[in-house]
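Residue numbers (the working numbering): -16 to 157.
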């Protein structure tokens, strides 16, 4: 409940529905981590209805575009039988990269809310501001930092475990 208050204190545009959808995105990210995927989860919703959800699957599919956001937006388009995701929000645990941010603009998404910022590839506020670039044909409202610490900790813990596993593997082969 304290995190709900903090998010609302920080941005009045974050609703209880947004918080619930971010919670679901976190669950999806945890499932991805359990499969050995980078823990990113995404949910596309309109109102209080989930249209689609996904988590990263690049390792399993060997697909470079297996990002949670792209998978969720693609599935939402199929569910709506329309490539335009007008009126929809995307909740995602990590700030989208340039590829995903560009897809959000092209899909005419209304809003994106995300948890952790991405200092190496963030294209919503950190390195680039693709969704709000006025030179493009559509602007997506960006709300950052929703459940930021939980989202960031998922990623930190995942990569800490992965580095430890790599060190152990290297020491066994040395």
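Cβ coordinates follow ideal geometry from the N, Cα and C atoms, glycine included.
Predicted model only: the values in this text are computed from it and were never measured.
Using three-state DSSP, classify residue 100 as helix, strand or coil. In the chain shown, the residue the question calls residue 100 occupies position 117. In the structure shown, residue 100 sits in coil (DSSP, three-state: anything other than H, G, I, E or B).
Nearest CA to the CA of residue 43: which residue from 53, 59, 18, 4? Position 60 of the chain shown holds residue 43. Ranking the options by Cα distance to residue 43, first place goes to 18.
Nearest to residue 63 by alpha carbon, out of 33, 39, 88? Start at 1 with the first residue of the chain shown, and residue 63 comes out as number 80. Here the closest residue by C-alpha is 33.
Tell me the rounded alpha-carbon separation between residue 116 and residue 146. On the chain shown, position 133 is the one that residue 116 refers to. On the chain shown, position 163 is the one that residue 146 refers to. One Cα belongs to residue 116, the other to residue 146, and the distance between them is close to 36 Å.
Hey, would you say residue 8 sits closer than 8 Å to residue 95, going by beta carbons? Here the question's residue 8 lines up with position 25 in the chain shown. Here the question's residue 95 lines up with position 112 in the chain shown. No, they are not a contact pair.
Return helix, strand or coil for residue 132, following the three-state DSSP convention. To locate residue 132, count along the chain shown from 1; it is residue 149. Residue 132 falls in the helix class under three-state DSSP.
If I measure Cβ to Cβ from residue 31 and keep anything under 7 Å in the same chain, skipping five residues before and after, which residues do I get? As a position in the chain shown, residue 31 is number 48, starting the count at 1. Cβ-Cβ distances below 7 Å link residue 31 to 0 in the same chain, with the five nearest sequence neighbours on each side left out; the list follows chain order.
If I follow the unbroken beta strand (DSSP E) through residue 33, where does it start and stop? As a working note, residue 33 is residue 50 in the chain shown. Per DSSP, residue 33 is one residue of the beta strand (DSSP E) stretching across 32 to 38.
Let me know the secondary structure DSSP gives residue 60 once reduced to three states. Walking along the chain shown from the start, residue 60 turns up at place 77. Looking at residue 60 - three-state DSSP - the assignment turns out to be helix.
Could you check what DSSP says for residue 150 in three-state terms: helix, strand or coil? On the chain shown, position 167 is the one that residue 150 refers to. If DSSP states are grouped into helix, strand and coil, residue 150 belongs with the helices.
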